[in-house]
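Single-structure report; data block below.
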Amino acid sequence: MCLAIPSKITRIENDMATIDVDGVQRQASLLLLEDAAVGEYVIVHAGFAIQKIDEAGAMETIRLLKEAAAFVESGGGDPS
Amino acid sequence: MPLKHIEEFRDAKLAQNLVAKINATKTRHIRLMEVCGTHTVSIFRSGIRSVLPPTISLLSGPGCPVCVTDQREIDAFIELARIDDVILTTFGDLMRVPGSTSSLQKQRADGKDIRVVYSTVDALEIARKNPAKQVVFLGIGFETTAPTIAAAIVSAARTKVTNFSVISAHKLVPPALETLMTLEDVRLDGFILPGHVSVIIGVNAYQPFFDRYQIPCVVAGFEPTDILQTISMLVEQIKTGRPRLENAYQRAVTPEGNPTARKILDEVFELADASWRGIGVIANSGLKIREAFAAHDAQRLFDIQVPEPQIPKGCICGDILTAKKIPPDCKLYATTCTPTDPVGPCMVSTEGTCAAYYKYHV
Ligand code: SF4
Numbered sequence: 111m112c113l114a115i116p117s118k119i120t121r122i123e124n125d126m127a128t129i130d131v132d133g134v135q136r137q138a139s140l141l142l143l144e145d146a147a148v149g150e151y152v153i154v155h156a157g158f159a160i161q162k163i164d165e166a167g168a169m170e171t172i173r174l175l176k177e178a179a180a181f182v183e184s185g186g187g188d189p190s
Numbered sequence: 010m011p012l013k014h015i016e017e018f019r020d021a022k023l024a025q026n027l028v029a030k031i032n033a034t035k036t037r038h039i040r041l042m043e044v045c046g047t048h049t050v051s052i053f054r055s056g057i058r059s060v061l062p063p064t065i066s067l068l069s070g071p072g073c074p075v076c077v078t079d080q081r082e083i084d085a086f087i088e089l090a091r092i093d094d095v096i097l098t099t100f101g102d103l104m105r106v107p108g109s110t111s112s113l114q115k116q117r118a119d120g121k122d123i124r125v126v127y128s129t130v131d132a133l134e135i136a137r138k139n140p141a142k143q144v145v146f147l148g149i150g151f152e153t154t155a156p157t158i159a160a161a162i163v164s165a166a167r168t169k170v171t172n173f174s175v176i177s178a179h180k181l182v183p184p185a186l187e188t189l190m191t192l193e194d195v196r197l198d199g200f201i202l203p204g205h206v207s208v209i210i211g212v213n214a215y216q217p218f219f220d221r222y223q224i225p226c227v228v229a230g231f232e233p234t235d236i237l238q239t240i241s242m243l244v245e246q247i248k249t250g251r252p253r254l255e256n257a258y259q260r261a262v263t264p265e266g267n268p269t270a271r272k273i274l275d276e277v278f279e280l281a282d283a284s285w286r287g288i289g290v291i292a293n294s295g296l297k298i299r300e301a302f303a304a305h306d307a308q309r310l311f312d313i314q315v316p317e318p319q320i321p322k323g324c325i326c327g328d329i330l331t332a333k334k335i336p337p338d339c340k341l342y343a344t345t346c347t348p349t350d351p352v353g354p355c356m357v358s359t360e361g362t363c364a365a366y367y368k369y370h371v
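Residue numbers (the numbering used here), protein chains in the order written: chain A, 111 to 190; chain B, 10 to 371.
Given below as C-alpha cells:
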C-alpha cells in the first residue's frame, strides 16, 4: 500500500497538490501536510501527502551508506 | 534535488557493499521480522533474501492490512454491501478476500454497488454526487492510512456531506509488536520497523515498547539499500549485545512523526480493542470513531449482525502472520491456493506473505 517514491509538487490549489510521479501527473490532498510548497518532494499514501523528504536526512543516510562502503572496500570485516 | 537520491538509494555498488558488511559480521543464527507488507514485497523483489548469510532468517509479520483484517470484519463488510441504497467504497485489495460465505467481488457480480477507490477523497466525491445514497468507506489499514480516513471524516463533517460514513477496522502497530513478544512459539531477535507507519507516529512511539523488551529495532525505508542498511544495523546491535531503537529512514521519519496527521487521528478516533486474524483480540490496538463524529460512523448507523465466522478450511494464514509458520508449510499453498484462485487473504493481497512467496519463487 505504500508508494515509496517521493513525488514532486508541481502545483497547489486549495488543499490539493498536483504531483509528478515519474512523469505521471496525479492529485494529492495536502490536508495532512499543511506547509508543503511547489517544488518540494513528498511521500504520498492513498492520495494524501504525508511527509516531505528531508534533504539533510537523505544526505546523512547516504553518508552512512558510503561510510559502510568505504569500510568494506578497505578490507574491513569482522575479525572473529 | 531530493529525487536524485533515489538513484543513490538504488545504487547496486552500495548494496553489494552492505551485503559484504552483513556477511562479514558473524553472529549466531538470528530471526528478524519485517513488520510491514510493503517491506515484504520490496525484500522479495530485490532478492535480498538470497544474498544474506544462512545465519539470518527474515520473517514477515502482521503488516499486510488486508491479511490482518479479522474474518468477522470481512463478513461485516460483505453484509454492508447487501443493504439497500448503500454504495460501498473500498481499496482494491479487499475485493477478493474470501468471507465466510461470499466476497465483495461476488457481491458486486450480484449487482451490489461496490466501488474501488484510490483514496478517501474519491469516496467523498462519490457521496457528494449521490446524495440519495449512503456511501460507506471500508476503513482498514494501519497508522499510515488511518489519518487519510480521519481527514475524509473531518471534511465530510465540515462540508456537511451527511451521507458519508466509515466502518473503522484500523489496526495499530506498537500493540501488535508487544503481542508478538508474548506469543508462544514466536522467537524474534529484531524488528525491521515499518517506514510509513513511522512517518506518522514517529520513532518515539516505539520507545515504551523498546524500553520494555530491549529488542533491537530499526525503522527502515523501502529501497533495497535502506533495507540492507537496516539489517546491517540490527546485526551490529545483536553482535555487540547492545539493543537500540534506531532510525535508518531519516529522510522521512522524525522522532515525533507527522504532527498534523497525529492531531487529526486523535480528533476523530479513540483507542479501542481490535481483533486480528491469527492473533485474536489485542487491547487498545484499534481505532473507534469518537462520539463527536457519530454521524459518520457506519458501525453506529447500521446494525450489522454476522453469524459466527468461518475461516477457509486448511488456511494457516493466522500462523503465517505471526511467523509461526511459512507458506510452504500450508498444504494448500501453490496447489489449491494460488494468486489467481486464492483461498486466504495472505494469497489475495499483493502484500500478503503467501502471494510474495508464490510470485518470487520460494
Ligand atoms: S497458501 Fe493460501 S490457504 Fe495456505 S495459508 Fe496462504 S492464503 Fe491460506
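Glycine included, C-beta positions come from ideal geometry on N, C-alpha and C.
- Annotation for L341(B) indicates a beta carbon within 7 Å of some heavy atom of ligand 1.
- Close to I153(A), with beta-carbon spacing below 8 Å, are these residues of chain B in chain order: H205, V208 and A261.
- The Cβ neighbour count for Y127(B), taken over all protein chains shown within 10 Å, is under 16; the residue is labelled exposed.
- Straight-line spacing of the CA atoms in A33(B) and G148(B) works out to 45 Å.
- Remark: the shortest separation between the CB of I329(B) and any heavy atom of ligand 1 falls under 7 Å.
- In terms of side-chain proximity, the C-beta atom of G353(B) is found nearer than 7 Å to a non-hydrogen atom of ligand 1.
- A direct Cα-Cα distance of roughly 20 Å separates P351(B) from D119(B).
- Between I87(B) and L68(B), the gap from beta carbon to beta carbon reaches 8 Å or more.
- Selection A127(A), A138(A), E150(A) and A159(A) evaluated against A270(B) yields A159(A) as nearest (Cα-Cα).
- The closest heavy atom of ligand 1 lies 7 Å or more from the beta carbon of I335(B).
- DSSP, read as helix, strand or coil, puts K248(B) in helix.
- Contact between the segment 234 to 244 of chain B and the segment 283 to 302 of chain B is not established, with fewer than three Cβ pairs separated by less than 8 Å.
- About 7 Å separates the CB atoms of G204(B) and C45(B); that is less than 8 Å, so the two are in contact.
- The shortest C-alpha to C-alpha distance from A307(B) to any of T98(B), G150(B), P252(B) and K368(B) is the one to T98(B).
- For G157(A), the residues of chain B that pass the 9 Å Cβ criterion are V126, Y127, S128, T129, V130, D131 and T157, in the order they occur in the chain.
- With respect to chain A, the C-beta atom of N267(B) has a partner C-beta closer than 8 Å.
- Taking a cut-off of 8 Å for Cβ pairs, the segment 125 to 144 of chain B and the segment 156 to 164 of chain B touch, as three or more such pairs fall below it.
- The segment 329 to 338 of chain B makes contact with the segment 278 to 289 of chain B; the number of CB pairs closer than 8 Å reaches 3 or more.
- Membership of Q116(B) in the alpha helix (DSSP H) is indicated by the continuous run L113 to A118.
- Taking a C-beta cut-off of 9 Å against chain B, the contacting residues of the segment 158 to 169 of chain A are F158, I160, Q161, K162, I163, D164, E165, A166, G167, A168 and M169, listed in chain order.
- Assignment of H155(A) by DSSP, reduced to helix, strand and coil, places it in the strand class.
- Of the residues G149(A), Q137(A) and N124(A), the one whose Cα lies closest to the Cα of A156(A) is Q137(A).
- Under the 10 Å beta carbon count, H179(B) is surrounded by 16 or more other beta carbons and is classified as buried.
- The Cβ neighbour count for E300(B), taken over all protein chains shown within 10 Å, is under 16; the residue is labelled exposed.
- For C45(B), the distance from the CB to the nearest heavy atom of ligand 1 is not below 7 Å.
- With respect to chain B, the C-beta atom of E144(A) has a partner C-beta closer than 8 Å.
- In the structure shown, D20(B) adopts coil according to DSSP, grouped into three states.
- Close to chain A, meaning a Cβ-Cβ distance shorter than 9 Å, are the following residues of the segment 268 to 299 of chain B: T269, A270 and I273.
- Bounds of the beta strand (DSSP E) holding K297(B) are G289 to I298.
- Boundaries of the alpha helix (DSSP H) harbouring F53(B): G46 to S55, taken from the DSSP string.
- The continuous stretches of alpha helix (DSSP H) do not include L254(B), which lies in the beta strand (DSSP E) extending over residues L254 to N256.
- In the DSSP assignment, E187(B) forms no beta bridge with any residue.
- Contact annotation: G211(B) and G266(B) have beta-carbon atoms nearer than 8 Å.
- For G70(B), no alpha helix (DSSP H) encloses it, and the DSSP letter there is neither H nor E.
- For V134(A), the pairing in a beta bridge is given by DSSP as V131(A).
- With a cutoff of 7 Å, G323(B) counts as near ligand 1, since its C-beta is closer than that to a heavy atom of the ligand.
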